[in-house]
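A.B. asks:
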Amino acid sequence: MSFQPNPGDELIINGTAYVVGRHPAAPGLAYAQAGRQGIVYQLIAKNGAPHEAKALKVFFPKFRIPAMVYQSEHMETYGDIPGLQVCKRDVLTPERNGSLIAEQPDLLYAVLMPWVHGMTWFDCLTDQRQLEASDSLALARALAGIGSAMEQKGLAHCDLSAPNVMLPFFSEVELPEGTSAVELVDVEQMYSTKMDRPDALLAGSPGYAAHRTVHSGLWSAYADRFAGAIIIGEMLGWSDRVVVDKAWGESYFDQHEMQTPCERYFILRKSLEARWGSKVVELFSRAWDSQDLSSCPTFGEWLVVLNAVTEQEILVEDTETEPAGTDTGDLAAMSGTSSEAVPSLATPAPLKAEQAEMLNQAALEQGERGVTDKLFRQARELEQQNKPAAALEVYRSLYHFVEDGSPLHVEVSAAITGLEEQLNPKMPEQPEKSKAWYRSKMFIVTASAAVVLLAAGIPTVSILADQSNQRQIEAAKQEDALKAAKAAEEKLAAEQEAAQKSLTEKQRQEAEQQAKQQALAAQKQQEEQKKQQALIAQQVKYEAYLAQKEQNKQAAAKLAKQKAYDQQAKYEKYLALKKEQEARAAQEEAARKAAAEAEQKRKEAIQARNKENVLQLISLYNKAYASQEGGSTAKAKSFAKRFRALYDSNPSYYRSVGEVGYRASSIYNFLGDTNFRLPKI
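If you number the sequence shown the way the working numbering does, the last residue is 681 and the count never jumps.
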């Protein structure tokens with residue numbers, strides 16, 4: 001791409017003068033962010049405030065599509081929705097910006113839109129920055145509000161993920177009152193009934209894609225529901241240090257864990273229930289267990305539940321929530337006794353680690369059983385409330401957690417089959433009603449023949465007194481009338497015969513159809529009897545399963561008591577070994593101090609070496625600059641490569657020292673393009 005502006009360069013777009021912004025971390029470079037489809041540059045209006053900055057998105061040649069103009073015209077109407085200010089965009093076209101595009105061809109069909117200040121949700125995740133409970137709730141409410149407003153207009157972002165969720169809530173620039181706490185960017189894949197389907201569809205970002213339904217791409221009105229539920233869950237959970245520390249990395253969940261009963265799911269679910277209540281957990285579980293995107297909760301449901309949480313409840317949760325891993329609490333939980341019965345003693349590190357491992361394992365096993373029991377009860381209640389469609393969705397979610405071949409697996413399979421047949425019954429074909437049009441036609445033909453005969457008989461009486469000539473004429477007429485009547489009778493007989501044949505054939509078909517219906521009814525009755533017998537057998541198996549479950553529960557209670565006794569014995573043993581451990585701890589403290597002194601010396605040696613490397617980096621840059629000025633590009637490139645190799649050994653340190661970061665940026669530009677002139681620093 002030939003468009004590579006420098007900070008401070010001036011561009012005039014649609015009659016307004018802009019200057020390219022400076023990167024806050026590298027003042028010598030333009031403020032730009034690279035994406036999958038192009039590069040976004042910050043433009044600052046000469047006579048505008050900082051919050052009025054614009055973003056110029058310059059697309060790579062592959063994505064410079066003329067239809068972007070049509071798409072942006074439709075997006076303009078959505079720019080007033082809170083969180084979608086990037087929809088207020090102008091496309092640079094040859095008709096309106098011909099002179100600028102002639103000077104910079106890469107700006108063809110570039111997009112000018114508002115610059116969104118603040119970090120991304122991706123930055124908040126990767127920095128592992130814990131939020132206040134009030135901040136978590138504000139962000140989750142804002143995202144739910146944006147999604148609800150979009151759903152009401154039939155819109156979907158279709159690539160909802162952490163990098164595409166901006167947080168003006170944390171902006172260092174003073175923003176106007178009423179600015180949304182959350183903004184969505186990268187809206188080129190947006191779904192709307194008024195916009196054309198993109199040529200290339202995205203299949204969702206890792207950590208936010210529902211693996212059960214997403215295969216070839218997302219582009220529908222339901223595309224944001226699953227990813228939105230995951231991000232809202234992350235935002236609410238990010239006020240809990242346990243959740244923050246357990247995050248996978250660039251998202252809370254690893255993509256391979258999506259919609260599985262993994263450890264991270266139960267940790268987040270437990271945190272949401274403890275801090276935000278059961279209704280939040282129910283919505284999150286519905287999305288996690290959903291079989292398709294349309295089964296996920298709407299953003300409107302999220303907004304109603306989140307708006308019901310008051311600031312007073314947040315303060316109570318912050319003050320009443322105890323730190324995880326309290327010594328006496330852990331010990332009481334393991335022993336099955338109250339915390340008052342356990343002495344308030346500081347538990348040593350080895351015992352705390354063992355307790356934490358046991359508690360985590362027990363929570364995972366209990367969590368899986370709780371999911372299946374809760375889903376089964378919920379499905380039964382929906383069936384009793386005559387809500388077969390909702391019950392079917394819950395049974396399908398439960399099917400994912402049930403072990404194959406178990407009695408509950410058989411019961412769930414039968415329930416799914418029965419509900420599907422109930423919602424989609426097979427209707428027998430209705431026989432066509434026999435038509436009786438020929439009967440009325442026969443009546444008409446018969447009446448016509450009678451009229452002809454009567455008409456022929458009337459003139460015969462008066463003809464006897466007339467002249468012979470007149471009698472001959474009337475006789476001829478009578479003969480013609482008789483012929484016509486005979487022809488009508490023959491035609492009527494033929495039509496009656498054809499009608500009789502048609503009636504006989506129709507009656508035969510109706511008899512065959514009736515016989516088929518009777519056979520189908522008998523077959524259906526047999527199938528119903530078999531189904532009832534199968535249901536009875538399944539009910540017997542399920543009752544046996546419940547009895548076995550009760551026995552297992554009693555055995556588990558007995559085992560828990562035994563574990564409590566064993567734990568008490570361990571605790572008494574711990575008291576006996578306490579003095580020995582204290583002596584060992586003193587020895588370990590002395591060893592730790594010695595190790596700390598050695599580590600300090602090592603750090604001082606590394607610091608001295610880094611300072612020497614800084615001097616060497618400056619020397620290599622000066623040599624590269626002098627070689628380039630002297631006309632020896634190859635020699636300058638050799639010094640530049642040595643500079644880059646040394647700089648890459650510890651970039652985080654060298655970037656913070658003086659102008660070394662600026663020198664490194666210039667060296668990278670020179671290695672990428674040998675025509676680049678190294679500045680004198």
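All C-beta atoms in this analysis are idealised placements derived from N, C-alpha and C, irrespective of residue type, glycine included.
#1: Using C-beta distances below 6 Å, list every residue in its chain close to Tyr395, excluding the 5 sequence neighbours before and after it, in chain order.
#2: Applying the 10 Å Cβ sphere with the 16-neighbour rule, what's the burial state of Asp196?
#3: If you reduce the DSSP assignment to three classes, tell me which class Asp90 lands in.
#4: Looking only at its chain, what residues have a beta carbon closer than 8 Å to the beta carbon of Ala26, apart from the 5 residues adjacent to it on each side?
#5: Could you check what DSSP says for Ile22 in three-state terms: helix, strand or coil?
#6: For Glu301, I'd like the list of residues in its chain whose CB is within less than 7 Å of its CB, leaving aside the five on either flank, ordered along the chain.
#7: Give the DSSP bridge partners of Ala45, in chain order.
#8: Buried or exposed: Lys579, going by 16 or more other Cβ atoms within 10 Å of its Cβ?
#9: Measure the Cβ-Cβ separation of Trp238 and Leu131 and say whether it is below 7 Å.
#10: Could you spell out the range, first to last residue, of the alpha helix (DSSP H) harbouring Phe299?
#11: Going by alpha carbons, who is nearest to Glu95 out of Asn669, Leu84, Lys88, Tyr109?
#12: Could you give the DSSP three-state label for Lys680: helix, strand or coil?
#13: Check whether the region 54–74 and the region 126–140 touch, using three or more Cβ-Cβ pairs below 8 Å as the test.
#14: Report yes if the C-beta distance between Ala144 and Phe299 is below 7 Å; otherwise report no.
#15: So the candidates are Asp9, His256, Leu535; which of them puts its Cα closest to the Cα of Tyr31?
#16: When the Cα of Pro82 is compared with those of Ser72, Ser271, Leu375, Ala149, which residue comes out closest?
#17: For Ala586, I'd like the list of residues in its chain whose CB is within less than 8 Å of its CB, leaving aside the five on either flank, ordered along the chain.
#18: According to DSSP, is Pro61 helix, strand or coil?
#19: Quick check on Pro168: buried or exposed, where buried means 16 or more other Cβ atoms within 10 Å of its Cβ?
#20: My output table needs one value for Met166: the three-state DSSP class, helix, strand or coil.
#21: Near Gln71, what residues of its chain come up, given a Cβ to Cβ distance below 7 Å and the 5 sequence neighbours on each side ignored?
#22: Taking the C-alpha atoms as reference points, what is the distance between Val58 and Ala17?
#23: Counting C-beta neighbours from all protein chains within 10 Å, is the total for Leu137 16 or more, i.e. buried, or is it exposed?
#24: Could you spell out the range, first to last residue, of the beta strand (DSSP E) harbouring Val412?
#25: Would you mind reading off the limits of the alpha helix (DSSP H) that contains Gly230?
#26: Between which two residues does the beta strand (DSSP E) carrying Val111 extend?
#27: Let me check one thing: in DSSP terms, what residues is Gln581 bridge-paired to?
#28: Quick one: what does DSSP say Tyr191 is sitting in, helix, strand or coil?
#29: When you compare only the Cα positions, how much space is there between Gly672 and Phe3?
C.D. replies: In short, the structure shows the following:
#1: Cβ neighbours of Tyr395 within its own chain (closer than 6 Å, five residues either side excluded): Ala379, Val412, Ala415, Ile416.
#2: Exposed is the call here.
#3: Note: Asp90 maps to strand in three-state DSSP.
#4: Taken in chain order, the residues that qualify are Gly661, Tyr662, Ser665.
#5: Per the sequence presented here, residue 22 reads as Arg, with Ile not at that position. Under the three-state reduction of DSSP, Arg22 is assigned to strand.
#6: Taken in chain order, the residues that qualify are Leu283.
#7: Per DSSP, Tyr18.
#8: That one is exposed.
#9: In contact: Trp238 and Leu131 (Cβ atoms closer than 7 Å).
#10: Looking at the DSSP string, the run of the alpha helix (DSSP H) that includes Phe299 is 299–307.
#11: Nearest C-alpha to Glu95: Tyr109.
#12: Here Lys680 sits in coil by DSSP.
#13: Output reads no: the region 126–140 does not touch the region 54–74.
#14: Yes; because the gap between Cβ atoms is below 7 Å, this pair is in contact.
#15: For Tyr31, the closest of Asp9, His256, Leu535 by C-alpha to C-alpha distance is Asp9.
#16: Answer by Cα proximity: Ala149.
#17: Taking C-beta separations shorter than 8 Å and ignoring five residues to either side along the sequence, Ala586 has no partners in its chain.
#18: DSSP places Pro61 in helix when its eight states are reduced to three.
#19: Classification of Pro168: buried, given that the 10 Å Cβ count is 16 or more.
#20: Of the three classes helix, strand and coil, the one that applies to Met166 here is strand, per DSSP.
#21: Take Gln71, set aside five residues on each side of it, and the residues of its chain with a beta-carbon closer than 7 Å to its own are Met195, in chain order.
#22: Going from the Cα of Val58 to the Cα of Ala17 covers about 18 Å.
#23: The residue is buried, with at least 16 neighbouring Cβ atoms inside 10 Å.
#24: Counting along the chain, Val412 sits inside no beta strand (DSSP E); it lies in the alpha helix (DSSP H) bounded by residues 407–423.
#25: Contrary to the premise, residue 230 reads as Ile rather than Gly in this sequence. 225–237 is the extent of the alpha helix (DSSP H) around Ile230.
#26: It spans 111–114 - the beta strand (DSSP E) in which Val111 sits, taken as one unbroken run.
#27: The partner list for Gln581 (beta bridge, DSSP) is empty, contrary to what the question assumes.
#28: Here Tyr191 sits in strand by DSSP.
#29: Taking the straight line from one Cα to the other gives about 15 Å.
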